Amino acid sequence: MSKDNAVIKAIVERRTVRKFSSKEIPTDLLKEVLDAANHAPSGFNLQPWHFVVVKDVNLRKLLSHVAMDQIQVAEAPVTVVLVADPFAWKTSYEKILILGEAQGAINENRKKLYRRSVNLLFQVGPFGLYGLIKKIAVAVRRFYRPTPGLPATFEQCVHYVRSQTMLAAATLMIAAKGAGLESCPMEGFDEPRLKKLLKIPRRMSIPVIISLGYPLEADNSTATVRLSLDDKCNVDLFDGEKLGKL
Ligand SMILES: Cc1cc2nc3c(=O)[nH]c(=O)nc-3n(C[C@H](O)[C@H](O)[C@H](O)COP(=O)(O)O)c2cc1C
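Going by my numbering, the sequence shown opens with residue 2, and the numbers climb by one from there.
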């Protein structure tokens, strides 16, 4: 491990912590970590996530209950609910494009390309008809030239924004570790009940919730294992040489 690299250190030393002390997270620190998560990359820079930061003690208890009574949700001072918005392309994308152009991050041509691509990506049309046409068009075009898959159903659009939101989730946990906080990611929760509790619109999707805080001194139950790079990594081909042999 590159011991001098603070980012690599935060990634390698992050553990899922399930026993938190009640110590509050300073607001500025919490904001810094959430802002870092908001810097995660996303396809077309769509940023289809929202963060609901649950701090209220009573709400945390109720949230813990819908999260299968996982105690860390009640005990950690903060649990962030990551919400994926399958309508971000309609509701907030134009603002991103305008900001991007105003700040010189994208030019007029890229703005048009992104707008067109995102419309193509997310529109499924009445009764999913446009989605069906997209599916057929992709299959036909693949005979002639490389063509990326496009979401053909609303469920596939949801899957797309959930996967982008998970990048924000990973970034959040690494930023938290770098800032001296521990985290616990969870997908063990009742999504419809959670939405009702926090007044999250039904059209949104929740891929993960993450408790944040400081660990209990007594907690030494965070050991974890990984398969080696040799099990996971090959050069050039899926079954190619192992990195170590180069
Ligand atoms: C998407 C996701 C969902 C998870 N859900 C839960 C959960 O509901 N409850 C829990 O205690 N841990 C949960 N975990 C934590 C994993 O068990 C943990 O990441 C894994 O055992 C590896 O340990 P480490 O994170 O300490 O390296 C989840 C992790 C991820 C990434």
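Built from N, CA and C at the ideal position, the CB exists for glycine as well.
Just so we're clear, the structure is a prediction, and the values are computed from it rather than from any experiment.
C-beta contact flag for residue i and residue j at 8 Å
i, j, result
"valine 8", "glycine 181", "no"
"valine 84", "valine 53", "yes"
"threonine 172", "alanine 41", "yes"
"tyrosine 115", "isoleucine 107", "yes"
"valine 125", "alanine 89", "no"
"leucine 168", "valine 119", "no"
"proline 49", "glutamine 165", "yes"
"isoleucine 210", "threonine 80", "yes"
Heavy atom of ligand 1 within 7 Å of residue i beta-carbon
i, result
"threonine 223", "yes"
"arginine 117", "no"
"glutamine 157", "no"
"proline 216", "no"
"glycine 245", "no"
"cysteine 234", "no"
"methionine 187", "yes"
"glutamine 71", "yes"
As assigned by DSSP and simplified to three states, the class of residue i
i, result
"methionine 187", "strand"
"asparagine 120", "helix"
"threonine 225", "coil"
Please confirm if the region 18 to 33 is in contact with the region 205 to 224, defined as three or more CB-CB distances below 8 Å between the two stretches.
-> yes
May I ask you to verify whether the region 100 to 109 touches the region 65 to 74, counting CB pairs closer than 8 Å and requiring at least 3?
-> no
The region 230 to 247 contacting the region 31 to 48, beta-carbon criterion three pairs below 8 Å | no
Write down every uninterrupted run of the beta strand (DSSP E) in the region 124 to 200 whose length is 3 residues or greater and which is fully enclosed by it, in chain order.
-> 183 to 187
Evaluate contact between the region 45 to 64 and the region 195 to 205, counting only Cβ atoms and requiring at least three cross-stretch pairs below 8 Å.
-> yes
Runs of beta strand (DSSP E) lying entirely within the region 73 to 111, each at least 3 residues, in chain order | 79 to 85
For the region 7 to 73, list the alpha helix (DSSP H) runs that are entirely contained and at least 4 residues long, ordered along the chain.
-> 7 to 14, 28 to 38, 58 to 67
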